[in-house]
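Residue numbers (our numbering): -4 to 772. Take a look at the structure set out below.
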Amino acid sequence: MPAIEIPAPIPESVPFDLEQMRSILRHLKEVVFQTDAAGRWTYLSPAWSEITGFAVEETLGRVFLDAVHPDDREGNLERFRPLIAREKESCRHEVRYLRKNAEPCWIEVHARLTLDRHGEIIGTSGTLSDVTARRIATDRLRETTAELQKRETLHEAMMAASPIGLLVVDPASDRILRVSDRFCELTCLAGAADAMRRGLISASDLREAIRLQTADGVGARDLLRGPNRQEITMRDGRVLSIHGTEVRDPAHGSYGCLFGVEDVTAMKDAERAMLSARAEMERHADQRTRELSSALHRLRESEELYRTVVETSPDALLFTSMEGRVEMVNERAVSLFHWESAEAMDGLRIEHLVKAESASALRNAWEETRRGASQNVECWLRRHDGSLFFADISGSIVPDPSGGTRFLVVDIRDNTPRRQLEEQLLQAQKMDAVGRLAGGVAHDFNNLLTVIKGYSELLLKKLPAGETTTNRVAQIARAADRAAGLVGQLLAFSRKQSVEPKIIDVNRAITDLHKMLRRLIGENIALDSVLDPRAGCVRIDPTQFDQMIINLAVNARDAIGESGRITIRTHALDSAVAISIADTGAGMTEEVRSKIFEPFFTTKEVGKGTGLGLSTVYGIVEQAGGRIVVTTAPGEGTTMEVRFGSTVPENAASEEEGDGESARGCGTILVAEDEDLVRAMIVETLEDRGYRVIEVRDGREAIEAARAAGPIDLLLSDVVMPQISGTQLRDEISRIRPETRVILMSGYAEHDTSQEAWLQKPFDPRTLADRVRDVLR
-4 MPAIEIPAPI
6 PESVPFDLEQ
16 MRSILRHLKE
26 VVFQTDAAGR
36 WTYLSPAWSE
46 ITGFAVEETL
56 GRVFLDAVHP
66 DDREGNLERF
76 RPLIAREKES
86 CRHEVRYLRK
96 NAEPCWIEVH
106 ARLTLDRHGE
116 IIGTSGTLSD
126 VTARRIATDR
136 LRETTAELQK
146 RETLHEAMMA
156 ASPIGLLVVD
166 PASDRILRVS
176 DRFCELTCLA
186 GAADAMRRGL
196 ISASDLREAI
206 RLQTADGVGA
216 RDLLRGPNRQ
226 EITMRDGRVL
236 SIHGTEVRDP
246 AHGSYGCLFG
256 VEDVTAMKDA
266 ERAMLSARAE
276 MERHADQRTR
286 ELSSALHRLR
296 ESEELYRTVV
306 ETSPDALLFT
316 SMEGRVEMVN
326 ERAVSLFHWE
336 SAEAMDGLRI
346 EHLVKAESAS
356 ALRNAWEETR
366 RGASQNVECW
376 LRRHDGSLFF
386 ADISGSIVPD
396 PSGGTRFLVV
406 DIRDNTPRRQ
416 LEEQLLQAQK
426 MDAVGRLAGG
436 VAHDFNNLLT
446 VIKGYSELLL
456 KKLPAGETTT
466 NRVAQIARAA
476 DRAAGLVGQL
486 LAFSRKQSVE
496 PKIIDVNRAI
506 TDLHKMLRRL
516 IGENIALDSV
526 LDPRAGCVRI
536 DPTQFDQMII
546 NLAVNARDAI
556 GESGRITIRT
566 HALDSAVAIS
576 IADTGAGMTE
586 EVRSKIFEPF
596 FTTKEVGKGT
606 GLGLSTVYGI
616 VEQAGGRIVV
626 TTAPGEGTTM
636 EVRFGSTVPE
646 NAASEEEGDG
656 ESARGCGTIL
666 VAEDEDLVRA
676 MIVETLEDRG
686 YRVIEVRDGR
696 EAIEAARAAG
706 PIDLLLSDVV
716 MPQISGTQLR
726 DEISRIRPET
736 RVILMSGYAE
746 HDTSQEAWLQ
756 KPFDPRTLAD
766 RVRDVLR
C-alpha cells in the first residue's frame, strides 16, 4: 500500500472554510480529479456528472481509461508516459471520452503527479475540461479555410487564363488588391507586376505609369476610377479598352473595383475601315461587355461554371467514386441512358451500365485509369430500358487540393452511328467482292454459252428441218438461252450487267423469276402471284427489272420475319402497268416510311443489313421513268407498287423478218479474242457472210496486224484479255487507224457502254452479223 502524503497543518492565521471550498468545486465547469497509482479515480468534482452523464459515485474506483474512447486509449497512455517517467512535471492534451449515452466528447486533460513525503508517486491530480464545442469550431474553421484556399487558387488560375487583363483596386485605401500578368502585359508594365502584388505600387502610381505609356498623355484623374469604360491609345498604336465595375460583398458592402483591360486595336481598325458596319460593331462591343460581365460572374460563382460546362457537354459525363459508384451525371447522360432523372442514377455502379461481353475490357481500362494512366475503350453499353449502344469511353482522375484523388470523370460518347457506317462499309465491301466473283464466273460462262449458241445456230442452218438431229440441236440452243437468262440474274446481283433497255413482257418476266424468289424467301413464307393478262409490256433493262423484283421481295421477307405471305400482283392501267408486292409484316410508321429510300437507311440491327436494297430499287425505277407508291401502317403490312408506262410489243412481222439469214456483207474485220472456241465461232460466222477476217489472240497481235498494210474496216474485240484490255486496244487502234470502227464485246460490263458499239455475250451468229452490219453501214 503506497504511503499517503499528509499535508502540513494549515497555520491558524489562514482561515479555511470547507463548505466554501465545496461550493467552489460544485460550481466549477472543469472537473477536478484525483487518481491513485493504479489509475483509479479517487476524487471527481460534481462537474463530472454534467460533462459525462455518469454519477460520481458510480465512477469512483474505476480505472480512468474506461472513460476514454476505445480508439484513443493507446494514444492517451503514450501521452502519460513522459509524466510517469518524470520527464515532465505536467502534461496537457486532448482526448475523446465517452458519455453515458455513448456519444463521444473531447476533453482537455491537465494532469500532475501526486507524490508522498518520500517523493514516491501515489497518483495523479488535475482538471478535465469539455472542449467539444471548441474542437468542432476548430474543425469547421479548418474546412472553411481549405475551401477558401481552393477558391482562391481557382480565382488566381482564372485570372491567369483570362484573355482579358484584370485589376482589382480598393479606392478607399488606394491599394492594388489583385493584378493579372495579362493586365501588365497590355499596359506595357510587365516588369512592375511583382511590385504591384507586393503593395509597393499604389493605384495612383499605376494610373500615372499608364498615362506615361499613352500616345496622347491622357489625364490620370479619371483613369481606373470607379465603374466606367475608357479607351486609351498606347504609344505603339494599340487601343486598349478599360472597363471598371464595382465588386460588392453582400455581407460587407463594397469590396473594391474590378477593371478589365483588353486590346481593341483590331476592332477599332475595322471600325474605321468599314463605316457601313458600325451598327454591327456596336453589337459586338455590347456582346463583349456581356461576356465580361459573365466572366466576372464566373469568378464569383465557380460552382455554377462547372455545372454549366458539364450540362452543355455533347458527351455523357459520369462523376464516380474511385470504387466506380456514380455520384453525379449530366443531362446528356440521363437522356443517353434513358433514365428519368439524374437523381435516379445516383449510386449506380459503372459495371451495371455495361453489356456483359464488354465488362472485362472496361474493367481493365478502369484499373489503368485509377493508376493515373489515360485510357480509351470502345464497348457496348446498356440503357435503362435494356437497349444497347456502342460508345467511346475515356476516364480521368480529378485530384483534390491535398494531392489525393477526389473522384473519376467518365466521358461517354455515343458512336453507334459511326459503328453502323463501318458495318455498312464492310457489308458493301463484301457485296463488292461477291459481285466481282459473280462477274468473273459470268464472264467465263458467257464465253462458253457464246460457243454453244453460235454452233447450235450454225448447225440448225445446215440440218434439214424435222429430223431428230435437228430437233436435238434446237433443244441445245433453247437450253443455252435459258442458261443465258440465269447468267443475267447472276449479273443482276453483281451489278456487272450492261444497262440495255428492252421491251419485256411483265407477266413472263415475273413468272421466270418465281423459282428464284421461292428459294430466296424460304419455306415458312407463302408466295402468291396474281397476274393480270392485260398487263402488257414495259421498256426497261431486263436485268434491272429482275433486280428490282428480287430486292422488293427480299425486303418484304425481312419485314415478315418468321411466317406470313407475300403477294405479287400486276394489273393494267390506262397507259401504264402496275406491279405491286404486298406483305403481311409489321408495317411502318410515317417517320420510317419517309426514309426507306435513303442510301444506308435500315431498321435492322447493326451488321444485319446494308440499307441499300430499296435505294437501288428507287434508282432503277427513276432511271426507267417510273414511280413508286408505298402504302403501309403499323400492324397492317406494307404494299409497294411500281408503275411504268406501258409499251406496245414489237411487231411480230418484224420479228419474223429478222429470223431470216442476215444479208451478206463485205469488208475486212480484225477479230481479237483470247478464247479459241469463241474466236473460231466468230470467224466462221463472219466468213460465212462474206467478210474477210483477220483473227488474233490478244491485244499485242491486234496492234501488230493494224500496223501492217491493208484495209481494216472494223475491230471486233473482247474487253477482258491478257496484257492489253479491249478498251486499251480500242484507243490504240483509233490512234493508228482513225477510220477503223470498233465493236467491244464482253460477258459483263464494268463501265458505261452507252456511248460506243457494244455486243453482249452470249450472242448467236445472226445477232453478231446484224451488229456488224449496223456498225459498218
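For every residue, glycine included, the Cβ atom is placed at its ideal position computed from N, Cα and C. As the structure is a prediction and not an experimental result, all values here were calculated from the model.
Completely contained alpha helix (DSSP H) runs for the segment 158 to 205, where each covers 4 or more residues = 176 to 181, 188 to 192
inquiry  = What does DSSP give as the partner residue(s) for H88 in the beta ladder?
reply    = Looking up residue 88 in the sequence shown gives position 93. Answer by DSSP bridge pairing, in chain order: V104.
message = Could you check whether the segment 88 to 98 touches the segment 37 to 48, counting it as contact only if at least three pairs of C-beta atoms, one from each stretch, sit closer than 8 Å?
response = yes
ask   = By Cβ distance below 6 Å, which residues in the same chain neighbour R173 in space, the five residues on each side in sequence not counted?
value = As a position in the sequence shown, residue 173 is number 178, starting the count at 1. The residues are V163.
ask   = If you draw a straight line from the alpha carbon of R413 to that of D387, how long is it in whole angstroms?
value = Mapped onto the sequence shown, residue 413 falls at position 418. Mapped onto the sequence shown, residue 387 falls at position 392. Rounded to whole angstroms, R413 to D387 spans 11 Å at the Cα level.
query = For H238, which of helix, strand or coil comes out of DSSP?
reply = Here residue 238 refers to the residue found at position 243 of the sequence shown. Correct three-state label for H238: strand.
inquiry  = With distance defined between alpha-carbon atoms, name the residue in F639, T30, S40 nearest to I19.
reply    = Counted from its first residue, the sequence shown places residue 19 at position 24. Closest by alpha carbon: S40.
request  = Starting from the N-terminal side, write out each stretch of the alpha helix (DSSP H) that is 4 residues or longer and does not extend beyond the segment 326 to 400.
outcome  = 326 to 331, 354 to 365
message = Going by the DSSP bridge assignment, what does C532 pair with across the sheet?
response = For the purposes of this step, residue 532 is identified with residue 537 of the sequence shown, where counting begins at 1. Looking at the DSSP assignment, C532 forms a beta bridge with D500, T642.
ask   = Leaving out the 5 sequence neighbours to the left and right, which residues in its chain are closer than 8 Å to V468 when beta-carbon positions are compared?
value = Counting from one through the sequence shown, the residue named residue 468 turns up at place 473. Contacts found: S451, L454, L455, L458.
ask   = If you compare alpha carbons, which of E89, Q225, V612, N441 is closest to G742?
value = Mapped onto the sequence shown, residue 742 falls at position 747. Comparing Cα positions, the closest option is N441.
request  = Just tell me which of M229, D200, W101, T209 has its CA closest to the CA of R220.
outcome  = In the sequence shown, the residue the question calls residue 220 occupies position 225. Checking every option, the nearest Cα to that of R220 belongs to D200.
ask   = What whole-angstrom Cβ distance do L754 and I738 have, given they're in contact under 8 Å?
value = Here residue 754 corresponds to residue number 759 of the sequence shown, with the count starting at 1. Here residue 738 corresponds to residue number 743 of the sequence shown, with the count starting at 1. About 6 Å; that satisfies the 8 Å criterion.
Secondary structure of M676, DSSP reduced to three states = Looking up residue 676 in the sequence shown gives position 681. Reduced to three states, the DSSP call for M676 is helix.
request  = Would you decide whether K448 is buried or exposed? Buried here means 16 or more other CB atoms lie within 10 Å of its CB.
outcome  = Reading the sequence shown from its first residue, position 453 is the one you call residue 448. Burial call: buried.
request  = Please list, in chain order, all residues of the same chain as D211 whose beta carbon is under 7 Å from its beta carbon, the five residues on each side excluded.
outcome  = Within the sequence shown, residue 211 is the residue found at index 216, counting from 1. Cβ neighbours of D211 beyond the five flanking positions: T228.
Option in A328, A339, R674, H292 with minimal Cα separation from E306 = Stepping through the sequence shown from its first residue, residue 306 is reached at position 311. Closest option to E306, Cα to Cα, is A328.
message = Does the contact criterion of 3 or more C-beta pairs under 8 Å hold for the segment 61 to 74 versus the segment 146 to 160?
response = no
Cα-Cα separation, F402 to M317 = Against the sequence shown, residue 402 aligns to sequence position 407. Against the sequence shown, residue 317 aligns to sequence position 322. Cα to Cα, F402 sits roughly 6 Å from M317.
query = For C532, does the count of other Cβ atoms within 10 angstroms reach 16, so buried, or fall short, so exposed?
reply = Locating residue 532 in the sequence shown gives position 537, where the first residue counts as 1. Its Cβ being crowded by 16 or more others within 10 Å, C532 is buried.
inquiry  = Give me the residue from I345, A274, V324, V482 with the minimum Cα distance to E338.
reply    = Translated into the one-based positions of the sequence shown, residue 338 becomes position 343. With distances taken between Cα atoms, E338 lies closest to V324.
T634 versus A567, T642, N359, V625, residue with shortest Cα-Cα distance = Within the sequence shown, the letter at position 639 stands for residue 634. Selected option, being the one with the closest Cα: V625.
task = Starting from T562, follow its DSSP beta bridges and name the residues at the other end.
result = Stepping through the sequence shown from its first residue, residue 562 is reached at position 567. Answer by DSSP bridge pairing, in chain order: D523, A577.
ask   = Taking DSSP as the reference, what is the three-state secondary structure of S649?
value = As a first step, residue 649 is located in the sequence shown; it is residue number 654 there, counting from the start. For S649, the pLDDT reaches just 42, beneath the cut-off of 50, and the residue's location in the model is therefore unreliable, although a value from the coordinates is still provided. In this structure, S649 counts as helix in the three-state DSSP scheme.
Simplified DSSP state of A33, which is helix, strand or coil = As a working note, residue 33 is residue 38 in the sequence shown. Residue state, collapsed to three classes: coil.
inquiry  = At the level of alpha carbons, what is the spacing between A522 and D507?
reply    = Position 527 of the sequence shown, counted from the first residue, corresponds to residue 522. Position 512 of the sequence shown, counted from the first residue, corresponds to residue 507. With the sequence shown as reference, residue 522 is identified as Leu, and Ala is not the correct amino acid for it. Roughly 14 Å between the two C-alpha positions.
ask   = Are the beta-carbon atoms of V666 and V637 separated by less than 9 Å?
value = Within the sequence shown, the letter at position 671 stands for residue 666. Within the sequence shown, the letter at position 642 stands for residue 637. No, the Cβ-Cβ distance between V666 and V637 is not below 9 Å.
request  = Please confirm whether F314 and V404 have their CB atoms less than 9 Å apart.
outcome  = The residue you call residue 314 lines up with position 319 of the sequence shown. The residue you call residue 404 lines up with position 409 of the sequence shown. Taking 9 Å as the Cβ cut-off, F314 and V404 qualify as a contacting pair.
query = So, do the segment 553 to 560 and the segment 578 to 591 have three or more beta carbon pairs nearer to each other than 8 Å?
reply = yes
message = Using only the alpha-carbon positions, how far apart do F592 and N546 sit?
response = Working through the sequence shown from its first residue, we reach residue 592 at position 597. Working through the sequence shown from its first residue, we reach residue 546 at position 551. The straight-line gap from Cα to Cα measures roughly 12 Å.
request  = For R687, name the three-state secondary structure that DSSP assigns.
outcome  = Sequence index remark: in the sequence shown, residue 687 carries index 692 (1-based). It is a strand residue.
Where F28 sits in the DSSP three-state scheme = As a position in the sequence shown, residue 28 is number 33, starting the count at 1. Three-state result, F28: strand.
ask   = For V688 versus L681, is the C-beta distance shorter than 9 Å?
value = Here residue 688 refers to the residue found at position 693 of the sequence shown. Here residue 681 refers to the residue found at position 686 of the sequence shown. Closer than 9 Å, so yes.
message = As a quick exercise: from D683, R732, L287, pick the residue whose alpha carbon is nearest that of G705.
response = Within the sequence shown, numbered from 1, the residue matching residue 705 stands at position 710. Closest option to G705, Cα to Cα, is R732.
ask   = Are there 16 or more other CB atoms within 10 angstroms of the CB of I131, so buried, or fewer, so exposed?
value = As a working mapping, residue 131 is identified with position 136 in the sequence shown. So I131 ends up on the exposed side.
ask   = Between V90 and D61, what straight-line distance do the alpha-carbon atoms span, to the nearest angstrom?
value = Start at 1 with the first residue of the sequence shown, and residue 90 comes out as number 95. Start at 1 with the first residue of the sequence shown, and residue 61 comes out as number 66. Rounded to the nearest angstrom, the two C-alpha atoms are 13 Å apart.
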